[in-house]
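Q: Residue numbers (this note's numbering), protein chains in the order written: chain A, 1 to 142; chain B, 1 to 142. My questions all concern the structure below.
Protein chains: 2
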Amino acid sequence: MKHQINHEKDLQNAGLESTPVRQAVLHIIEEQKSPIDVASIVSSLESHNIKADKVTVYRILDLLAEKGLIARLEFQEGKFRYEVATSDHHHLICLNCGKIDAIEDNWIEDLEKEIKQKKGFIVQRHSIEFYGLCAECQKKST
Amino acid sequence: MKHQINHEKDLQNAGLESTPVRQAVLHIIEEQKSPIDVASIVSSLESHNIKADKVTVYRILDLLAEKGLIARLEFQEGKFRYEVATSDHHHLICLNCGKIDAIEDNWIEDLEKEIKQKKGFIVQRHSIEFYGLCAECQKKST
DNA sequence: TTAGGTGCAAATGATTTGCAATAAT
DNA sequence: ATTATTGCAAATCATTTGCACCTAA
Chain A
1 MKHQINHEKD
11 LQNAGLESTP
21 VRQAVLHIIE
31 EQKSPIDVAS
41 IVSSLESHNI
51 KADKVTVYRI
61 LDLLAEKGLI
71 ARLEFQEGKF
81 RYEVATSDHH
91 HLICLNCGKI
101 DAIEDNWIED
111 LEKEIKQKKG
121 FIVQRHSIEF
131 YGLCAECQKK
141 ST
Chain B
1 MKHQINHEKD
11 LQNAGLESTP
21 VRQAVLHIIE
31 EQKSPIDVAS
41 IVSSLESHNI
51 KADKVTVYRI
61 LDLLAEKGLI
71 ARLEFQEGKF
81 RYEVATSDHH
91 HLICLNCGKI
101 DAIEDNWIED
111 LEKEIKQKKG
121 FIVQRHSIEF
131 YGLCAECQKK
141 ST
């Protein structure tokens with residue numbers, strides 16, 4: 001369980017000034033179980049009674065992503081989502097209920113080695129998402 | 001080597017009326033070696049002297065994707081790209097020169113089985129991209 | 001003639017830019 | 001004072017919607 005105070009450290013470690021808005025944005029992204037979009041971050045700030053302009057949020061997100069504190073994702077929605085940068089995992093997006101789950105795996109590392117061997121291409125990061133039906137929706141909608 | 005005439009068949013097989021613009025869009029996407037965005041498709045139509053509104057192109061792309069003739073992709077650019085739907089492969093996007101290569105693999109099928117076992121999630125489609133440095137750019141930029 | 005295809009104008013949504021106001025060191 | 005942070009207005013870019021017009025079966 002992380003507390004707000006840790007975000008101050010995280011920010012400082014990343015060489016960023018720790019401001020209330022930055023801490024709050026980091027906190028909101030962290031307390032979220034699945035990747036969150038900018039509009040949701042903005043309204044979450046409002047409900048936390050933290051006054052911050054949308055533009056400021058965009059700029060903070062750019063900074064945090066640049067410094068590697070958060071990861072920027074796309075789920076074929078025409079917008080970005082963010083999550084805290086943690087151990088490697090891939091997202092499972094249910095096409096029926098929209099729920100986003102995640103899974104870790106041991107396959108991709110080997111696949112990236114193969115990419116290096118076959119293509120000489122060095123993978124720095126990847127974007128891997130699976131779209132389908134979660135267990136619950138298979139029962140309901142089928 | 002496919003000819004325009006095949007696109008007529010492709011469209012009809014998909015249950016779509018074969019119009020000049022639809023054939024041209026399909027042709028442009030097919031002659032492209034890597035996934036192409038909408039703006040490029042529109043200007044390509046212009047240079048082929050085919051008059052078509054941007055909106056029409058969007059609608060055609062939606063149709064073609066819906067019918068499975070083309071695939072809709074995202075490369076973290078905030079816009080969509082399209083390619084002909086072919087055998088399964090993943091994209092290698094060079095962060096230095098922007099070149100987009102592709103690779104086939106035998107890993108993902110097994111990973112999707114594991115997802116089914118571990119999570120009960122049934123994968124219908126996936127989005128898998130690797131970002132890094134292509135062989136040429138490793139020589140130059142390093 | 002009738003449904004589907006297209007064009008044009010305008011709306012929407014996400015993101016970015018410029019610049020002035022503000023806060024922190 | 002000087003630099004970085006934020007707010008506000010407006011611009012930009014990708015995509016969508018509404019509606020009228022046109023065209024092929």
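Don't be surprised by glycine CBs; every beta carbon is placed ideally from N, CA and C. Note that the structure is predicted; figures quoted are calculated from it, not measured.
Alpha carbon to alpha carbon, how far is H7/B from I70/B?
A: Distance between the alpha carbons of H7/B and I70/B is about 12 Å.
Q: Check Q4/A in the structure and name its three-state DSSP category.
A: A caution first: Q4/A carries a pLDDT of 48, below 50, which makes its placement in the model too unreliable to give a value.
Q: Count the other C-beta atoms from every protein chain shown that fall within 10 angstroms of the C-beta of G78/A, then say buried if there are 16 or more, exposed otherwise.
A: G78/A comes out exposed.
Q: Can you tell me whether A135/B is buried or exposed? The criterion is at least 16 other CB atoms within 10 Å of its CB, across all chains shown.
A: Flag for A135/B reads exposed.
Q: Compile a chain-ordered list of the residues in the stretch 116-138 of chain A whose CB is closer than 7 Å to at least one CB of chain B.
A: So the close ones are K118, K119, G120, F121, I122, V123, Q124, R125, H126, S127, I128, E129, F130, Y131, G132, L133, C134, A135 and Q138.
Q: Could you check how far apart the C-beta atoms of D73/B and Q124/A are, in whole angstroms? I think they sit under 8 Å.
A: With the sequence shown as reference, residue 73/B is identified as Leu, and Asp is not the correct amino acid for it. Actually they are not in contact, since the Cβ atoms of L73/B and Q124/A sit about 19 Å apart, beyond 8 Å.
Q: Give the list of continuous beta strand (DSSP E) stretches no shorter than 3 residues that lie fully inside the stretch 2-57 of chain B.
A: Counting whole runs of 3 or more residues, the stretch 2-57 of chain B contains no beta strand (DSSP E) stretch at all.
Q: When you compare only the Cα positions, how much space is there between H3/B and Q12/B?
A: Note that H3/B scores 45 on pLDDT, short of 50, meaning its location in the model is unreliable; the coordinates nonetheless yield the value given after this. So the two alpha carbons sit approximately 15 Å from each other.
Q: If you reduce the DSSP assignment to three classes, tell me which class E77/A lands in.
A: It is coil, neither helix nor strand.
Q: According to DSSP, simplified to helix, strand and coil, what is D110/A?
A: Helix at D110/A.
Q: So, does the CB of E112/B fall closer than 8 Å to a CB anywhere in chain A?
A: E112/B counts as touching chain A.
Q: Within 8 Å of any Cβ in chain A, is that where the Cβ of E66/B sits?
A: So no, E66/B is outside the interface.
Q: Please report how far the alpha carbon of Y82/B lies from the alpha carbon of S18/A, in whole angstroms.
A: Approximately 41 Å, taken between the alpha carbons.
Q: Does the stretch 18-34 of chain B come close enough to the stretch 50-64 of chain B to have 3 or more Cβ pairs within less than 8 Å?
A: Because the criterion of three Cβ pairs below 8 Å is met, the stretch 18-34 of chain B and the stretch 50-64 of chain B touch.
Q: Grouping DSSP H, G and I as helix and E and B as strand, with all else coil, what is E66/A?
A: Helix.
Q: For the beta strand (DSSP E) containing F130/A, name the first residue and the last one.
A: Here the beta strand (DSSP E) through F130/A covers I122 to L133.
Q: Classify E104/B as helix, strand or coil using the three-state DSSP reduction.
A: Three-state result, E104/B: coil.
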